[in-house]
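See structure below.
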Amino acid sequence: MLEIDFDEENFIKFGESKSLHVSKEDFSNYLHKTTSWEFDGKKLIPQVLEIKSVKHHTKVICYLSKYRENIKSFTIKNEFLLNVKSHSNIVKLDINNTFKDYRLHKERREIKVDYN
């Protein structure tokens with residue numbers, strides 16, 4: 002699973018939204034445009050399952066892939082809302098039963114890890 006939390010106002014302002022609310026279509030298009038997910042050379046495309054908005058905060062739940070063991074490498078590119086001043090994205094991964102956090106921001110837009 003992939004969970005994404007953000008301020009709705011920032012998405013509407015910078016996320017190329019067609020309305021004043023976050024829709025599955027707009028969010029999916031923006032997510033696919035601003036992120037890339039690759040594990041063991043296989044590109045994964047997140048599928049938006051649910052969007053929850055409470056006041057001005059939004060949480061999106063996406064299906065990324067079923068759990069895989071013995072991952073040898075991964076590359077994540079992320080520019081999601083990086084045009085918001087001082088914004089950063091935290092990617093938390095469970096890879097081979099080890100949890101690791103990565104911070105992505107304007108100066109670091111890609112994570113590349115090779116376990117070989």
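In terms of our numbering, the sequence shown opens at residue 2 and continues consecutively.
Note that beta-carbon positions come from the ideal geometry of N, C-alpha and C, so glycine has one too.
Could you tell me which of S74, K56, K107 sits nearest to H80, measuring between CA atoms?
Sequence inspection shows Glu at residue 80; the His mentioned does not correspond to that position. Closest option to E80, Cα to Cα, is K107.
Check whether the Cβ of Y116 lies closer than 8 Å to any heavy atom of the ligand HEM, and answer yes or no.
This structure lacks the ligand HEM, and indeed carries no ligand of any kind.
DSSP three-state call for H33: helix, strand or coil?
helix
On the CB-based measure, 16 or more other CB atoms within 10 Å of its CB, does E10 come out buried or exposed?
exposed
Three Cβ pairs or more, each shorter than 8 Å: is that satisfied between the segment 57-66 and the segment 95-104?
no
Grouping DSSP H, G and I as helix and E and B as strand, with all else coil, what is I77?
strand
Which two residues bound the contiguous beta strand (DSSP E) that contains I112?
111-115
To the nearest angstrom, report how far apart L65 and F12 are at their CA atoms.
21 Å
For the alpha helix (DSSP H) containing I13, name the first residue and the last one.
9-15
For the segment 28-42 against the segment 67-80, are there 3 or more C-beta pairs whose distance is under 8 Å?
yes
Which of helix, strand or coil does DSSP assign to D6?
Of the three classes helix, strand and coil, the one that applies to D6 here is strand, per DSSP.
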